[in-house]
Amino acid sequence: MELFGVLDYKNYMNNYYLPLMDDNITRDDVNSIVNFLNQDQIPKLTNGPKVVEFENKWGEWLGTKYNLMVNSGASANELTMLALKHLYGDGEIIIPPLTWISDISSVIFAGFNPVFVDINLNNLSFDLDKLKKAITPDTRAIFLTHVLGINGLTEDLLQLCKEKNILLIEDVCESHGTTFNNIKVGNFGFASNFSFYFAHHMSTIEGGMICTNDEKFYQICRALRSHGMMREMTNNEMKQEIIDANPDLNSDFIFIRPAHNFRSTEINAVIGLNQLPRLDKNNKQRISNFNYFMSKLDSKKYITDINLKGQCNYAFIVILKEPSFEKRNHLEATLKKEGIEFRRGLSGGGNQMRQPFMKQFNYNFNNYPNIEHVHNFGWYIGNYPSLPQEKIDTLINILNNL
Ligand SMILES: Cc1ncc(COP(=O)(O)O)c(C=O)c1O
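When we follow the numbering used here, the leftmost residue of the sequence shown carries the number 646, and every step to the right adds one.
Here's what the structure looks like:
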């Protein structure tokens, strides 16, 4: 079914028995925008009070002190890496090969060296032994991805960061509401990144958030969100230092480093404000659906010993136990026939080291067996709050009878 770019959205949804996502922007969300626009005085629609209100509400929901809305999760990634570079200079960033492309490109764009560490199949995050070996005096940060709502943190990993004094950055773009030790992930790192793209737990059409408790990092992110412009910072002491160092410049136009325009519009924030109050209720349903799905999936055929503690997933994870291309082809043909939309490779299509622009690094994929397995024999399928139980059961039956 070649759908994208060919059929309209309604047809796309009608063509699938089980699409990857449904109902993530509701009529009520649309009405919230209409009401917002329908004021006597048309509001300035660029980044303004609604963005600030959403940032504050988000901070209340997550628990972080400083929260900065940007125009996508990819922008959150890139801004985070640029700010780290600004504050801490050159070096290496440890990343997993199972993540979204922007986690890799943000590292490269900022001028850091990417160092890949294989995943483990229990929480789809770093293999801890390999992570330990990858740390060098040049390691600037560990950029962890919580994959598809599965908590990627362990006590040992946090202890390692503490002992080695290495910054942890959490990519939570796929895991809003996932917890570790009953605390929402996104609270454990020096900074965390979220995405509000349509496919995720909540949507602002496009949008993202950078969250931190570190004021200096936040202030630099404020400037870098808007072309690197110093006047976006709100800390007068930090600003004065920059003004003093640049007496030849007008303080309205001091650009602290080359940057982008990553600002959101007010419209995205209005949707976010309308969506946030229902996020927890929606997540509860997703958690229950995914636990049920994993409890019924045939453990002889599929990897089912994934750590589900604290999970909060908008997807059902399917990983074949046996590395069989024949079984993979059969599974994909059957899902297609049944109208079940899927993505192979889990987050970002699997092994990012295999992407064309990474070929120059000549990675030996034999050293990364777990991501290779997921790349070839893993999929995700949509899990959303309005998904009827009957469809979950049908999906389980199809998978278990293959
Ligand atoms: C782990 C991860 N990071 C970053 C992103 C980028 O987010 P966005 O699509 O909002 O740019 C995604 C996106 O889908 C993601 O899954």
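Think of the CB as a built atom: it goes at the ideal place given N, C-alpha and C, for glycine as much as any other residue. This one's a predicted model, so the numbers in the text were calculated from it and none came from an experiment.
Under three-state DSSP, which class holds residue i?
{"i": "Leu729", "result": "helix"}
{"i": "Leu980", "result": "helix"}
{"i": "Ile1041", "result": "helix"}
{"i": "Leu957", "result": "Sequence check: residue 957 is Cys here, not Leu. Coil, per DSSP."}
{"i": "Arg813", "result": "The residue asked about is misnamed: residue 813 is Leu in this sequence, not Arg. In the structure shown, Leu813 sits in a strand (DSSP, three-state: E or B)."}
{"i": "Tyr863", "result": "helix"}
{"i": "Phe900", "result": "strand"}
{"i": "Cys856", "result": "strand"}
{"i": "Phe833", "result": "coil"}
{"i": "Val963", "result": "strand"}
{"i": "Ile753", "result": "helix"}
{"i": "Ala786", "result": "strand"}
{"i": "Tyr947", "result": "strand"}
{"i": "Ser969", "result": "coil"}
{"i": "Phe1048", "result": "No statement about residue 1048 is possible, as the shown extent of the chain runs from 646 to 1047 and does not include it."}
{"i": "Ile764", "result": "strand"}
{"i": "Ile678", "result": "helix"}
{"i": "Asn722", "result": "helix"}
{"i": "Asn880", "result": "coil"}
{"i": "Ile795", "result": "coil"}
{"i": "Leu663", "result": "strand"}
{"i": "Ile670", "result": "coil"}
{"i": "Asn838", "result": "strand"}
{"i": "Gln1034", "result": "helix"}
{"i": "Leu918", "result": "helix"}
{"i": "Gln885", "result": "helix"}
Given the structure, does residue i come close to ligand 2, in the sense that its CB is under 7 Å from one of the ligand's heavy atoms?
{"i": "Asn934", "result": "The model on display carries ligand 1 but not ligand 2."}
Return yes when at least one heavy atom of ligand 1 lies under 7 Å from the C-beta of residue i, else no.
{"i": "Tyr842", "result": "yes"}
{"i": "Glu819", "result": "yes"}
{"i": "Trp1024", "result": "no"}
{"i": "Trp745", "result": "yes"}
{"i": "Thr857", "result": "no"}
{"i": "Gly990", "result": "no"}
{"i": "Arg717", "result": "Before going on, a small fix: residue 717 reads as Ser here, not Arg. The answer is yes for Ser717."}
{"i": "Gly831", "result": "no"}
{"i": "Glu700", "result": "no"}
{"i": "Asn934", "result": "no"}
{"i": "Met851", "result": "One detail in the question is off: residue 851 reads as Glu in this sequence, not Met. Yes, since a heavy atom of ligand 1 falls inside the 7 Å radius drawn around the Cβ of Glu851."}
{"i": "Thr790", "result": "yes"}
{"i": "Asn1007", "result": "no"}
{"i": "Asn712", "result": "no"}
{"i": "Asn1015", "result": "no"}
{"i": "Asn722", "result": "yes"}
{"i": "Asp801", "result": "no"}
{"i": "Asp685", "result": "no"}
{"i": "Asp735", "result": "no"}
{"i": "Asp668", "result": "no"}
{"i": "Asp748", "result": "yes"}
{"i": "Asp816", "result": "yes"}
What does DSSP give as the partner residues of residue i in its beta bridges?
{"i": "Thr910", "result": "Thr691"}
{"i": "Arg988", "result": "Tyr1025"}
{"i": "Val715", "result": "Gly853"}
{"i": "Pro759", "result": "Ile738"}
{"i": "Ile780", "result": "Note: Ile780 sits in no beta bridge, so no partner."}
{"i": "Ser770", "result": "Paired residue(s): none; Ser770 is not in a bridge."}
{"i": "Ser871", "result": "Asn906"}
{"i": "Thr823", "result": "Note: Thr823 sits in no beta bridge, so no partner."}
{"i": "Asn996", "result": "Leu743"}
{"i": "Ile828", "result": "Phe825"}
With a CB to CB cut of under 6 Å and the five nearest residues on each side skipped, what residues in its chain are close to residue i?
{"i": "His1020", "result": "Gly990, Gly995, Asn996"}
{"i": "Glu700", "result": "Asn712, Met714"}
{"i": "Leu980", "result": "Phe987"}
{"i": "Ala904", "result": "Leu869, His872, Gly873"}
Which same chain residues, not among the five before or five after residue i, have their C-beta less than 8 Å away from its C-beta?
{"i": "Val830", "result": "His791, Asn796, Gly797, Leu798, Glu815, Val817, Ser820, Thr823, Thr824, Ser837, Gly955"}
{"i": "Asn1015", "result": "Asp763, Ile764, Asn765, Leu766, Asp772"}
{"i": "Lys1036", "result": "Tyr662, Leu663"}
{"i": "Gly1027", "result": "Leu663, Pro664, Leu665, Met666, Asp667, Tyr959, Ala960, Phe961, Glu986"}
{"i": "Asp801", "result": "Leu773"}
Among the residues of its own chain, which have a CB less than 7 Å from the CB of residue i, if the five just before and after it don't count?
{"i": "Ala779", "result": "Ile739, Val760, Val762"}
{"i": "Thr744", "result": "Thr790, Asp816, Ser992, Gly993, Gln997"}
{"i": "Gly708", "result": "Lys829, Asn832"}
{"i": "Tyr733", "result": "Arg785"}
Exercise. Can at least three beta-carbon pairs, one atom from the region 929-939 and one from the region 699-714, be found at a separation below 8 Å?
Worked result: Three or more beta-carbon pairs separated by less than 8 Å are not found between the region 929-939 and the region 699-714, which leaves the two stretches without contact.
Exercise. Counting Cβ pairs, one atom from each stretch, are 3 or more of them under 8 Å apart for the region 719-735 and the region 846-857?
Worked result: Because the criterion of three Cβ pairs below 8 Å is met, the region 719-735 and the region 846-857 touch.
For this session: Determine, using beta-carbon pairs with one atom in the region 805-813 and one in the region 687-697, whether at least three such pairs fall under 8 Å.
Result: In short, these stretches do not touch, since the Cβ pair count stays below three.
For this session: For the region 962-976 and the region 830-843, state whether three or more C-beta atom pairs, one from each stretch, are separated by less than 8 Å.
Result: No, they do not touch.
For this session: Determine, using beta-carbon pairs with one atom in the region 920-927 and one in the region 890-908, whether at least three such pairs fall under 8 Å.
Result: No, the region 920-927 does not touch the region 890-908.
Exercise. With a cut-off of 8 Å, do at least 3 Cβ pairs link the region 862-876 to the region 895-903?
Worked result: Touching, yes, given that three or more Cβ pairs across the two stretches are closer than 8 Å.
Exercise. Below 8 Å, can you find three or more Cβ-Cβ pairs linking the region 1000-1017 to the region 906-922?
Worked result: Too few Cβ pairs lie closer than 8 Å, so no.
Problem set entry | Sufficient close CB pairs (3 or more, under 8 Å) joining the region 857-866 to the region 679-686 | Touching, no, given that fewer than three Cβ pairs across the two stretches are closer than 8 Å.
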